[in-house]
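Residue numbers for the sequence shown follow our numbering, so the first one is 4 and each next one is one higher.
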Amino acid sequence: MAFLTRTRAALRASWPWLRIPFWIAVGLFFGFLLPYTLVLNKRVQDRFDDLVFAVPTRVFARPLPLAAGEPMTADALKLELTFAGYSDDGRGQVPGSWARDGSTWLISSRGYVDPDGGELPKRIRVVLGKGVVASVRDAASGKPIELTHLDPARIATVYGAKQEDRRIVQLADVPPLLVSGLQAVEDRGFKHNIGIDIGAILRAAFANLRAGHTVQGASTLTQQLVRNLFLSRKQTFTRKANEALMSVLLEMHYSKARILEAYVNEVFLGQQGSQAVHGFAAASEFYFGRRLQDLRPQEIAMLVGMVKGPSYYDPRRYPDRALARRNLVLQEFADTGLLTPAQAKAAQATPLDVVDNGQLPHNRFPAFMQLVRAQITNDFDEDTLRKGNLSIYTTLDPAAQLYAEQAIDEALKDLGKRGHGIQSAAVVTDSHSGSVLAVVGSRTPGDQGFNRALDAQRPIGSTIKPFVYLVALTQPQRWNLATALDDSPISMRQPDGSMWTPHNDDNQSHGMVPMVDALAHSWNLASIHLGLDVGLPRIQAFLKSFGLEGVSAGPSMLIGAIDLAPLQVAQMYEYLASDGHALPLLAVRGVVDAGGRTIKRYEVRSGAGEYQQAVRLVTWAMQQVATYGTAHAIGDSGLAWLHAAGKTGTSNDLRDSWFAGFTGDRLAVFWMGRDDNKPTSLFGATGALRAWRNLFAKLPTRPLSPAPGEGLEMATINPADGKRTDPECEGARQVPVVAGSLPADSEGCFWQRVGHLFGGNPNAPAPPGTPANVPTTDVPVTNVPVSGN
């Protein structure tokens with residue numbers, strides 16, 4: 004009692020001295036500290052609650068199909084596996100890994116979910132044959148698998164302003180060793196502290212004071228999370244005070260599990276260029292090419308060890324540091340009972356096993372992504388894509404995309420000085436489905452600038468001619484591939500009064516020539532005469548049916564005076580490659596939400612084909628283009644087995660070089676030219692065709708059948724009158740015709756024999772121009788006509 008009395012007396016005596024500091028403290032608390040704490044509190048809650056919704060949209064390639072008979076090469080399979088983040092570990096036992104023994108591949112797939120349902124993980128044995136998959140079997144049972152797919156590679160992420168990558172995981176899906184090991188290494192008192200650890204702070208202060216510099220930290224996991232979310236890494240008193248206060252506030256509002264889950268998804272673990280890697284799930288794919296759930300103890304230890312300094316312990320740049328740090332963490336796992344000493348020792352003896360190239364899914368293919376955005380823009384706005392936590396599944400074929408980029412690069416290098424200043428673009432599609440497999444918008448892969456594949460409108464030259472011939476061949480009673488066309492000079496007055504006088508590349512006319520040769524050698528004059536006979540309005544209407552705008556009905560249309568982008572040319576040629584089915588080109592298969600539900604599908608339902616017999620005739624004629632015509636370089640090369648159909652194209656003054664061609668299942672359109680529209684000195688056969696050949700020298704594909712399609716029959720024709728004749732008759736051509744379009748009777752060689760009796764040969768075309776009897780011109784067939792070829 005006396006003590007209390009003395010205490011109260013002392014306080015009353017000292018009050019005059021304490022009064023001012025007391026009221027200052029009260030004022031600071033209510034005037035600054037309390038409002039400041041409330042502001043920080045709101046900031047902490049708003050930012051933390053928003054974490055759930057800040058998941059960007061991810062974009063995936065198509066799953067890789069594997070089935071017996073599917074076109075595939077060893078190089079292409081390795082490229083596909085590498086690009087999808089699979090690693091060659093020599094065993095192929097862990098999901099996301101593979102091993103190879105000659106032609107046999109052991110692959111452990113990871114499984115996936117996509118708009119078609121997806122597949123479960125499995126271990127398969129794939130045997131490759133000559134350009135195809137010979138067999139696919141279950142690795143455990145040995146039973147054949149009819150068809151399986153490998154999970155699609157992630158090719159892009161739709162971001163806002165920041166370039167960073169996250170893979171959001173639930174805490175229940177995180178390996179227990181990572182959860183426990185993270186706390187053992189970074190914050191052993193995490194379960195009991197209030198966001199800050201007073202004891203750890205005092206111990207660290209004493210250790211640092213004794214050493215004279217910073218040798219020990221005292222940050223809790225909560226403090227590290229706060230620093231990552233809200234603050235910089237500057238070593239200032241204000242930042243440290245804010246960090247401590249915000250950590251306490253975070254612990255007041257959220258459970259330990261919620262904080263730990265956020266930490267696992269937010270922690271910074273690496274950098275590639277301008278793109279940061281956040282979270283253990285993203286780091287797992289970046290460093291090991293596998294899902295977080297599939298990591299082994301030594302890999303978990305490496306990631307946990309990198310938390311201390313992702314740049315300093317970067318396993319690719321500083322493998323010795325990373326290995327030492329990993330082994331130290333493994334020892335801590337053993338010291339805390341998370342691993343047995345034997346397990347830790349075995350893990351320490353393993354190499355880092357980091358994949359060679361980081362698989363950060365940044366926007367590696369901007370030209371293709373532009374097409375993706377264009378096709379989904381009506382269904383999803385930019386804000387939804389940035390924050391919607393969606394997955395977009397596209398049609399991109401990584402092998403086709405990378406090989407197309409390489410094909411352009413190699414072709415331009417082969418041109419030497421002629422290749423300087425020349426740009427290029429390409430579009431590759433699946434000829435059966437209309438799926439866009441690759442888009443190249445520039446000679447520089449990854450160029451974020453002007454997309455020439457979609458936006459460069461350039462004259463297409465003779466690339467238009469197959470469609471002129473197709474319209475004619477829809478009237479089989481009047482025209483067939485052996486019908487003689489007039490390749491004589493022509494001059495026409497234009498609306499402005501000037502004269503239009505087109506010519507062939509060799510500045511010669513070739514008289515009456517069979518239709519198939521006119522197309523194979525891309526003779527302009529014959530094509531113009533044919534188009535005028537068919538009727539310009541009919542041809543114009545057919546071209547407009549492809550959605551083309553600005554197609555005038557002038558005669559120059561017949562030799563390619565039409566400005567189109569490579570994607571538009573691919574859309575036209577898709578009609579030929581798909582056997583007369585009008586398939587819109589699609590780059591997106593579907594969109595899946597965060598729960599794995601398909602919310603939008605993009606698919607094409609093919610209807611009945613149109614003008615299929617005429618399409619098959621044009622396709623056969625285009626195969627002759629690649630055999631003895633302007634694209635004979637294909638037939639002369641090791642690609643003759645493809646029996647490809649194609650067409651070269653060159654614009655006036657050699658400003659644009661085109662080639663469009665297709666095999667049994669792949670269509671590719673290449674363009675080369677200059678952005679300033681100056682001449683390139685390249686024809687279609689000396690520029691774009693080079694890139695096409697480079698692509699198909701590597702790309703797995705099926706050959707196109709050389710046989711006439713259904714509804715056609717082979718017939719021997721007299722080009723002079725288009726009637727059946729005998730094979731031994733002079734000038735006779737064997738070509739496919741529409742079955743039943745010609746009388747069965749043959750006129751024979753009677754009139755030719757009569758003509759010879761009188762010293763003439765009235766019915767023989769001059770010259771025939773077959774592969775065995777090529778046109779009598781001194782211009783090489785690789786020199787395609789200036790206007791169109």
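We put the CB at the ideal spot given by N, CA and C, even for glycine.
Can you tell me whether residue i is buried or exposed? The criterion is at least 16 other CB atoms within 10 Å of its CB, across all chains shown.
i	result
Arg293	buried
Ser494	exposed
Ser1	With the chain covering only 4 through 792, there is no way to say anything about residue 1.
Gln574	buried
Gly145	exposed
Gln451	exposed
Gly734	buried
Gln460	exposed
Asp639	exposed
Tyr821	Only positions 4 to 792 of the chain appear in this structure, which leaves residue 821 out of reach.
Please report the straight-line C-alpha distance between residue i and residue j, rounded to a whole angstrom.
i	j	result
Tyr631	Ser525	11 Å
Ile562	Pro369	33 Å
Leu707	Arg669	10 Å
Glu189	Arg170	22 Å
Leu232	Lys243	14 Å
Val736	Gln626	Val is not the amino acid found at residue 736; the sequence shown has Arg there. Straight-line Cα distance between these residues: approximately 16 Å.
Thr683	Ile531	25 Å
Asp400	Asp384	25 Å
Ala337	Leu185	13 Å
Gly105	Phe86	21 Å
Glu716	Ala636	28 Å
Val310	Ala347	20 Å
Pro118	Leu174	26 Å
Pro59	Ala187	31 Å
Val357	Val182	21 Å
Gly63	Pro98	Note that residue 63 is Phe in the sequence shown, not Gly. C-alpha separation (whole angstroms): 18 Å.
Glu577	Trp623	15 Å
Ala79	Ala352	33 Å
Leu811	Arg94	Nothing can be reported for residue 811, as the shown portion of the chain is limited to 4 through 792.
Asp323	Tyr266	27 Å
Arg61	Ile395	6 Å
Gly422	Leu180	56 Å
Trp101	Leu620	45 Å
Is it the case that the Cβ atoms of residue i and residue j are separated by a distance below 9 Å?
i	j	result
Gln226	Ala247	yes
Lys650	Val618	no
Ala428	Val439	no
Leu109	Glu83	no
Ala71	Glu149	yes
Ala350	Leu333	yes
Lys125	Arg103	no
Gly676	Ile425	yes
Ala407	Val375	no
Pro730	Val516	no
Leu570	Leu405	no
Asp69	Val129	The sequence shown places Leu at residue 69, rather than the Asp named in the question. Yes, the pair counts as a contact, with Cβ atoms nearer than the cut-off.
Asp154	Arg113	yes
Ser465	Gly641	no
Counting only the same chain and skipping the five closest in sequence on each side, list residues whose C-beta sits under 8 Å from that of residue i.
i	result
Gly134	Pro74, Met75, Thr76 and Pro703
Ser744	Pro479, Gln480 and Asn483
Val607	Ser436, Gly437, Leu586, Pro587 and Leu589
Give me, in chain order, the residues of the same chain whose beta-carbon lies closer than 7 Å to that of residue i; leave out the 5 immediate sequence neighbours on both sides.
i	result
Asn507	Trp526, Asn527, Leu528 and Pro788
Glu296	The residue asked about is misnamed: residue 296 is Gln in this sequence, not Glu. Excluding positions up to five away in sequence, the list reads Asp176 and Pro178.
Leu535	Pro558
Glu269	Leu228, Asn231, Leu232, His281 and Gly282
Pro492	Ser512 and Leu528
Phe271	Asn231, Ala279, His281 and Pro313
Gln497	Trp503
By Cβ distance, which residues of its chain are closer than 6 Å to residue i, with the 5 residues on each side in sequence left out?
i	result
Phe673	Ala429, Phe662, Ala691, Ala694 and Trp695
Glu413	Asn697
Leu546	Val554
Thr486	Met518 and Gly725
Ser138	Ala71 and Val130
Cβ-heavy atom distance between residue i and the ligand ADP below 8 Å?
i	result
Val332	With respect to the ligand ADP, the structure offers nothing, as it holds no ligand at all.
Does any residue of chain B bring its CB to less than 9 Å from the CB of residue i?
i	result
Arg736	No chain B appears in this structure, which consists of one protein chain only.
Examine the Cβ distances between the stretch 323-332 and the stretch 302-314 and report whether three or more of them are shorter than 8 Å. yes
With contact counted as at least three CB pairs below 8 Å, one residue from each stretch, are the stretch 579-587 and the stretch 602-615 in contact? yes
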